[in-house]
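Student: Residue numbers (this note's numbering): 1141 to 1531. Glycine residues also receive a C-beta, built at the ideal position from the N, C-alpha and C atoms. All of these numbers come straight from a predicted model, not from anything done at the bench.
(1) Return the first residue and the last residue of the alpha helix (DSSP H) that residue 1423 is part of.
(2) Closer than 8 angstroms is the cut-off here; do at least three beta carbon pairs connect the region 1407 to 1425 with the region 1456 to 1471?
(3) Please name the residue in 1364, 1380, 1305 and 1345 whose C-alpha comes closest to that of residue 1333.
(4) Tell me the residue span of the beta strand (DSSP E) that contains residue 1279.
(5) Going by DSSP, what residues sit across from residue 1186 in a beta bridge?
(6) On a CA-only basis, which of 1318, 1146, 1322 and 1291 is nearest residue 1201? Give me that one, please.
(7) Near residue 1233, what residues of its chain come up, given a Cβ to Cβ distance below 7 angstroms and the 5 sequence neighbours on each side ignored?
(8) Report yes if the CB atom of residue 1178 is closer than 9 angstroms to the CB atom of residue 1194, and no otherwise.
(9) Using only CA atoms, which one of 1170, 1491, 1309 and 1476 lies nearest to residue 1327?
(10) Would you mind reading off the limits of the alpha helix (DSSP H) that contains residue 1170?
(11) Quick one: complete beta strand (DSSP E) runs, 3+ long, within the region 1342 to 1385?
(12) Going by beta carbon distance, what residues of the same chain come within less than 6 angstroms of residue 1490, once the five residues before and after it are set aside?
(13) Starting from residue 1292, trace the alpha helix (DSSP H) in both directions and tell me its first and last residue.
(14) Report all residues from its chain with a CB closer than 7 angstroms to the CB of residue 1262; omit the five preceding and five following residues, and keep chain order.
(15) Out of curiosity, what's the CA-to-CA distance linking residue 1447 and residue 1271?
(16) For residue 1181, count the other beta carbons within 10 Å of its own beta carbon; 16 or more makes it buried, fewer makes it exposed. Which is it?
(17) Which two residues bound the contiguous beta strand (DSSP E) that contains residue 1245?
(18) Measure from the alpha carbon of residue 1438 to the alpha carbon of each residue in 1353, 1287 and 1511, then state which is nearest.
(19) Just checking, does the region 1381 to 1397 make contact with the region 1332 to 1351 on the three C-beta pairs under 8 angstroms criterion?
(20) Rank 1315, 1488, 1241 and 1188 by C-alpha distance to the C-alpha of residue 1254 and give the top, closest one.
(21) Return yes when the Cβ of residue 1515 is within less than 9 angstroms of the Cβ of residue 1259, no when it is not.
(22) Based on Cα-Cα distance, which residue from 1221, 1366 and 1242 lies nearest to residue 1231?
(23) Go to residue 1450, then tell me how far its alpha helix (DSSP H) extends in each direction, as first and last residue.
(24) Would you mind reading off the limits of the beta strand (DSSP E) that contains residue 1218?
(25) Decide if the region 1460 to 1472 is in contact with the region 1423 to 1436; the criterion is three or more beta carbon pairs, one per stretch, under 8 angstroms apart.
(26) Compute the distance between the beta-carbons of residue 1569 and residue 1237, then report whether it is under 9 angstroms.
See the structure below:
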């Protein structure tokens, strides 16, 4: 049947597996785990892979799991990655399978991603004799803090991969739809910590002190000119100060002010410009405002770039399997550490519609309720893409 009608075989297998996958998703959803704490989730993944007879390793990148399905003939190694971690958000959905853990929630759908990849694993295990190559199943921790991919790669998860496929549910897209972006699709994510050291004193006598609040305010204002005056207008960039901490009361000039911020860029040149500019602005405060500045700037993940060598064949596979043409969308200034895998092999990140009819959900929201039909649909799309890539 496979040679003549892979569409029907994959569809029927995914639909048959859907009830069990939904039940498993709800089990994981009830007990969300934050980055590098996904021991229960990883245990569920490992048990399912063992049940399917898929060789796997646990403890990869602290709590990650890696499985491998070897095809019937030699060929490339295709990595398919799903993230597993939850968010520090208190769930307010009222669902009967809502989070049972105070202050933690799967508000980004990583529970959906985990069981979707398990569904793909089951289907491709059955199709293994038809594959020319190897499928590496990567169940990754700590995506939300942008550290899990690097940890897994340090433990060998990306060794020898030739192609990489990632995916994410999108509640802003109707369930049953698929989407993509050409080229850079998600931003590089960097962050900075700035300590502005002044000299404390009485608020009534500012001349006898060195006010770090005024200096910090100057930096915040100047930082907004980095995007508007130093980066090319056609190279998107964001500079956001997300924390300002200093002072304790009305009439005391504090000793220091602490700032935390994030920088998002889609192009390497913009990334370099932003870092250099922020460092220069911080250094310039010292002679201008009589303060001392300590800047710590950390590059987290690069931009996620979709490679046409993967994008085109995967889009064709999705269209063949699902009977719908994926829609081209806009890049996002959000970040995704699948970019670490994409930096090591031709890669593509597929958008899977998960919007529930009649709702207007968004990721990272306490009321987020994706349509679980996206699980079986994702299994179909990803399985067909893998089958076509390794035939």
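Tutor: The answer reads as follows:
(1) For the purposes of this step, residue 1423 is taken as residue 283 along the chain shown, with counting starting at 1. Start and end: 1408 to 1429.
(2) no
(3) Counting from 1 along the chain shown, the entry for residue 1333 is found at position 193. When each option's Cα is compared against that of residue 1333, the closest is 1380.
(4) Counted from its first residue, the chain shown places residue 1279 at position 139. First-last of the beta strand (DSSP E) with residue 1279: 1272 to 1280.
(5) Translated into positions along the chain shown, residue 1186 becomes position 46. Residue 1186 pairs with nothing; no bridge assigned.
(6) Here residue 1201 refers to the residue found at position 61 of the chain shown. Residue 1291 is the option with its Cα nearest to residue 1201.
(7) Within the chain shown, residue 1233 is the residue found at index 93, counting from 1. Correct list, in chain order: 1507 and 1509.
(8) As a first step, residue 1178 must be located in the chain shown, where it is residue number 38. As a first step, residue 1194 must be located in the chain shown, where it is residue number 54. Taking C-beta atoms as the reference points, residue 1178 and residue 1194 fail to come closer than 9 angstroms.
(9) In the chain shown, the residue the question calls residue 1327 occupies position 187. With distances taken between Cα atoms, residue 1327 lies closest to 1476.
(10) Within the chain shown, numbered from 1, the residue matching residue 1170 stands at position 30. Residues 1146 to 1170.
(11) Listed in chain order, they are 1377 to 1385.
(12) Reading the chain shown from its first residue, position 350 is the one you call residue 1490. Once the five neighbours on either side are set aside, the close Cβ partners of residue 1490 are 1307.
(13) Taking the first residue of the chain shown as 1, we reach residue 1292 at position 152. Per DSSP, residue 1292 is one residue of the alpha helix (DSSP H) stretching across 1288 to 1294.
(14) Looking up residue 1262 in the chain shown gives position 122. Closer than 7 angstroms at Cβ, skipping near neighbours: 1157 and 1192.
(15) To locate residue 1447, count along the chain shown from 1; it is residue 307. To locate residue 1271, count along the chain shown from 1; it is residue 131. Rounded to the nearest angstrom, the two C-alpha atoms are 22 angstroms apart.
(16) Position 41 of the chain shown holds residue 1181. Residue environment for residue 1181: buried (at least 16 other C-beta atoms within 10 angstroms of its C-beta).
(17) Numbered from its first residue, the chain shown carries residue 1245 at position 105. Careful: residue 1245 lies outside any beta strand (DSSP E) and carries neither H nor E.
(18) Along the chain shown, read from residue 1 onward, the residue named residue 1438 stands at position 298. The residue with the shortest Cα to Cα distance from residue 1438 is 1287.
(19) yes
(20) Position 114 of the chain shown, counting from 1, holds the residue named residue 1254. The alpha carbon of residue 1254 has as its nearest neighbour, out of 1315, 1488, 1241 and 1188, the alpha carbon of 1188.
(21) Here residue 1259 refers to the residue found at position 119 when the chain shown is read from its first residue. Here residue 1515 refers to the residue found at position 375 when the chain shown is read from its first residue. In contact: residue 1259 and residue 1515 (Cβ atoms closer than 9 angstroms).
(22) Here residue 1231 corresponds to residue number 91 of the chain shown, with the count starting at 1. For residue 1231, the nearest C-alpha among the options comes from 1242.
(23) Counted from its first residue, the chain shown places residue 1450 at position 310. Bounds of the alpha helix (DSSP H) holding residue 1450 are 1448 to 1462.
(24) For the purposes of this step, residue 1218 is identified with residue 78 of the chain shown, where counting begins at 1. Per DSSP, residue 1218 belongs to the beta strand (DSSP E) from 1213 to 1223.
(25) Segment contact: the region 1460 to 1472 against the region 1423 to 1436, fewer than three CB-CB distances shorter than 8 angstroms; contact not assigned.
(26) In the structure as shown, the chain starts at 1141 and stops at 1531, and residue 1569 therefore has no counterpart that could be examined.
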